[in-house]
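Only one structure is covered here, and it is reproduced in the block below.
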Amino acid sequence: MSALSNHPVSRDQAKVMNRFEVTRRLIGLLRHDEAVVGGIGYTNFDLWAASALPGGGRRGPNFYMLGSMGLAVPIALGVALAQPGRRVFALEGDGSILMQLGSLATVAARGVRNLCIVIMDNGAYQITGGQETAAGQGADIAGIARASGLRQSAWAADEDAFAELAGRALTEDGPWLIGCRIDGGKPVDTTERDPARIRDQFMRGLGVR
Amino acid sequence: MAWHEIVRDVLKRHTVNLVTYVPDNVLRPLIDGVEADAFFTAFACTREEEALGIVAGAWMGGRRGILLMQTSGFATLPNAIASLAVPFQIPVVMMVSERGTLGEFNIGQSLVARTMRPVLDALAVEHHTMTRLDEAEFILDRSLVQAYATMAPVCFILSPLLTGGKVFAK
Numbered sequence: 002m003s004a005l006s007n008h009p010v011s012r013d014q015a016k017v018m019n020r021f022e023v024t025r026r027l028i029g030l031l032r033h034d035e036a037v038v039g040g041i042g043y044t045n046f047d048l049w050a051a052s053a054l055p056g057g058g059r060r061g062p063n064f065y066m067l068g069s070m071g072l073a074v075p076i077a078l079g080v081a082l083a084q085p086g087r088r089v090f091a092l093e094g095d096g097s098i099l100m101q102l103g104s105l106a107t108v109a110a111r112g113v114r115n116l117c118i119v120i121m122d123n124g125a126y127q128i129t130g131g132q133e134t135a136a137g138q139g140a141d142i143a144g145i146a147r148a149s150g151l152r153q154s155a156w157a158a159d160e161d162a163f164a165e166l167a168g169r170a171l172t173e174d175g176p177w178l179i180g181c182r183i184d185g186g187k188p189v190d191t192t193e194r195d196p197a198r199i200r201d202q203f204m205r206g207l208g209v210r
Numbered sequence: 005m006a007w008h009e010i011v012r013d014v015l016k017r018h019t020v021n022l023v024t025y026v027p028d029n030v031l032r033p034l035i036d037g038v039e040a041d042a043f044f045t046a047f048a049c050t051r052e053e054e055a056l057g058i059v060a061g062a063w064m065g066g067r068r069g070i071l072l073m074q075t076s077g078f079a080t081l082p083n084a085i086a087s088l089a090v091p092f093q094i095p096v097v098m099m100v101s102e103r104g105t106l107g108e109f110n111i112g113q114s115l116v117a118r119t120m121r122p123v124l125d126a127l128a129v130e131h132h133t134m135t136r137l138d139e140a141e142f143i144l145d146r147s148l149v150q151a152y153a154t155m156a157p158v159c160f161i162l163s164p165l166l167t168g169g170k171v172f173a174k
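Residue numbers (the numbering used here), protein chains in the order written: chain A, 2 to 210; chain B, 5 to 174.
The following block contains the structure:
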């Protein structure tokens with residue numbers, strides 16, 4: 002943990018940021034080849050929005066879930082195990098990861114070096130009407146992750162701290178978990194719901210086909 | 005050869021080298037076999053849904069995998085099959101050690117077992133109940149070819165007739 006001592010260990014020390022802004026910062030740090038798996042709901046809507054390319058089109062190696070709540074981390078772990086030379090990011094909401102906390106322990110046990118989990122924590126099930134999650138009532142996901150064996154797990158104090166942590170996840174061995182507290186802002190766009198196309202573009206982006 | 009040796013060898017032939025599982029007593033010789041073989045990466049997951057997600061992600065990344073579980077674990081999977089494997093056309097390969105029949109002693113197992121085939125049929129997922137040693141290789145070999153060629157999930161149900169099942173011990 003000493004390597005992360007300049008980053009908050011506790012949720013209440015983190016600044017509340019905006020999900021689209023954080024996602025945009027992450028996408029801006031990536032080159033072209035990192036895989037990004039977006040969990041359901043607004044997490045992947047803003048991934049979709051932030052991945053629009055200036056000249057039209059959209060970033061290739063992104064996967065957008067359309068259900069299977071909670072499986073962003075397992076899917077990303079599968080990609081990471083299939084392609085150990087590629088950096089893989091899982092973007093997941095607090096409500097979603099609370100459904101699959103065991104996956105944090107599995108990631109820790111596998112010790113995958115090329116995986117980074119980013120948690121977008123607004124403390125609410127925003128897309129279903131803003132009901133409070135356990136995170137909104139005090140559960141600290143970065144703390145749960147550390148207790149699950151993910152030693153490189155911290156909250157992003159602010160946008161610049163997020164960029165620093167994400168930058169380290171791009172260059173240093175993982176697994177990583179970055180907690181982001183976010184506000185209740187609406188997503189900027191809506192993901193196209195065409196699963197066969199999403200999967201095909203993801204696989205092409207990964208060089209599998 | 006024993007059933008689990010046949011399974012291990014057919015998986016190898018089809019380069020299915022990632023094995024995620026939630027353990028089961030009947031599956032133990034297969035789990036032991038793949039864990040002892042450096043060809044495979046095999047590990048336990050905390051839930052069957054998680055094991056399915058890992059296999060799905062791995063296939064999209066170009067690596068073939070299988071998830072192993074028992075009947076009650078399969079019963080936790082309908083949402084993941086219906087919203088991930090089927091619509092995204094991901095050939096998730098599943099193997100279920102069948103409990104709940106032919107001498108079951110746990111009423112919960114016997115009840116949940118009755119949901120398995122109706123769920124597979126409702127989602128039109130190809131499934132085969134394996135009962136005979138002399139058919140095991142054919143079923144596995146042909147079904148793996150089909151799953152990957154048609155990008156469709158498949159489920160192998162290991163009957164107690166094949167494996168001996170779990171025997172009631174007082």
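By construction, the Cβ of each residue, glycine as well, lies at the ideal position given by its N, Cα and C atoms.
Determine the closest residue to A42/B out of P157/B, R12/B, V26/B and V90/B, with distance taken between C-alpha atoms.
Checked all of P157/B, R12/B, V26/B and V90/B; the closest Cα to A42/B is R12/B.
Best match in F21/A, R194/A, V119/A and D13/A for proximity to G168/A [C-alpha to C-alpha]
Minimum Cα distance to G168/A is reached at V119/A.
In chain B, which residues lie with their C-beta within 7 Å of the C-beta of P196/A?
Within chain B, the residues near P196/A are P91 and F92.
Limits of the alpha helix (DSSP H) - the one that I199/A falls within
Secondary structure note for I199/A: its alpha helix (DSSP H) is the uninterrupted segment P196 to G206.
State the CB to CB distance for the pair I76/A and G57/B, rounded to an integer number of angstroms; the pair is presumed to be in contact (CB under 8 Å).
Their Cβ separation, rounded to whole angstroms, is 5 Å, which keeps I76/A and G57/B in contact under 8 Å.
Start and end of the alpha helix (DSSP H) containing H8/A?
Run containing H8/A: none; DSSP gives neither H nor E here.
What are the partner residues of Y126/A, as DSSP defines its beta bridges?
Note: Y126/A sits in a beta bridge opposite Q132/A.
Same chain, Cβ closer than 7 Å to M2/A, five either side skipped, listed in chain order:
Only weak support is given to the placement of M2/A: the predicted model assigns it a pLDDT of 43, under 50, and the value that follows is read from those uncertain coordinates. These residues qualify, in order along the chain: R152.
With respect to the alpha helix (DSSP H) encompassing R32/A, which residues constitute its N-terminal and C-terminal limits?
Following the DSSP letters along the chain, one finds R32/A in no alpha helix (DSSP H), marked with neither H nor E.
Looking at the C-beta of A173/B, does it have a partner C-beta in chain A at a distance below 8 Å?
Using a CB distance cut-off of 8 Å, A173/B does not count as an interface residue toward chain A.
Chain B beta carbons: is any one of them nearer than 8 Å to that of P75/A?
Judged by the 8 Å Cβ criterion, P75/A is in contact with chain B.
T44/A (DSSP reduced to helix, strand or coil):
In the structure shown, T44/A sits in a helix (DSSP, three-state: H, G or I).
Anything in chain B within Cβ reach of L72/A, meaning under 7 Å, just list it in chain order.
Those are E53, G57, A84 and L88, listed as they occur along chain B.
So what's Q153/A in DSSP terms, helix, strand or just coil?
It is a strand residue.
What in chain B is Cβ-close to Q101/A, meaning under 9 Å?
Listed along chain B, the residues sitting closer than 9 Å to Q101/A by beta-carbon distance are T50, R51, E53, E54 and G57.
In three-state terms, what does DSSP make of M2/A?
Because M2/A sits at a pLDDT of 43, beneath the cut-off of 50, its placement in the model cannot be relied upon, and the point is left open.
Per the DSSP calculation, L115/B is bridged to which residue(s)?
In the DSSP secondary-structure assignment, L115/B is not bridged to any residue.
In chain order, what residues of the segment 21–35 of chain B put their CB closer than 7 Å to some CB of chain A?
Listed in sequence order: L22.
Per DSSP, what kind of secondary structure is F160/B in: helix, strand or coil?
Strand, per DSSP.
Name the chain B residues whose beta carbon is nearer than 7 Å to that of L78/A?
Against chain B, the beta carbon of L78/A has neighbours under 7 Å at I58 and G61, listed in chain order.
Spatially closest choice to R25/A from A50/A, L116/A, D195/A and I98/A, by CA coordinates:
Of the listed residues, the one whose Cα sits closest to R25/A is A50/A.
Taking C-beta pairs closer than 8 Å, name the residues in chain A that F47/B reaches, listed in chain order.
Here the neighbours are T107, A110 and R111.
Excluding sequence positions up to five away, which residues of its chain have a Cβ less than 7 Å from the Cβ of S52/A?
Leaving aside the five residues that flank S52/A on each side, the residues in its chain whose CB is nearer than 7 Å to its CB run, in chain order, I28, R59, R60 and N63.
Helix, strand or coil, according to DSSP, for L92/A in the structure here?
L92/A falls in the strand class under three-state DSSP.
The beta strand (DSSP E) with F64/A in it runs from where to where?
Residues N63 to Y65.
For T191/A, does the three-state DSSP call read helix, strand or coil?
In the structure shown, T191/A falls within a coil segment according to DSSP collapsed to helix, strand and coil.
Return the Cβ separation of G73/A and S97/A in integer angstroms, given the expectation that the two are a contact with Cβ distance under 8 Å.
For the record, residue 73/A in the displayed sequence is Ala; it is not Gly. Your pair A73/A and S97/A checks out as a contact, with CB atoms roughly 7 Å apart and the cut at 8 Å.
What residues from chain D crowd round L31/A, counting only those whose CB sits closer than 8 Å?
In the structure shown, chain D does not exist; the protein chains are A and B.
With a cut-off of 8 Å, does the C-beta of G112/B fall near any C-beta of chain A?
No, no contact with chain A.
Beta-carbon separation of L166/A and H8/A under 8 Å?
Against a cut-off of 8 Å, the Cβ pair of H8/A and L166/A comes out as a contact.
E133/A: buried (16+ other C-beta within 10 angstroms of its C-beta) or exposed?
By the neighbour-count rule (16 or more Cβ atoms within 10 Å), E133/A is not buried but exposed.
Exposed or buried, which one is M73/B when buried takes at least 16 other CB atoms within 10 Å?
Counting Cβ neighbours within 10 Å, M73/B comes out buried, since at least 16 surround it.
Beta-carbon gap between V30/B and T167/B smaller than 8 Å:
Yes.
How about E102/B and L71/B: do their beta carbons lie closer than 8 Å?
Against a cut-off of 8 Å, the Cβ pair of L71/B and E102/B comes out as no contact.
Return yes when the C-beta of A140/B is under 7 Å from any heavy atom of the ligand FMN, and no when it is not.
The ligand FMN is not part of the structure shown, which contains no ligands of any sort.
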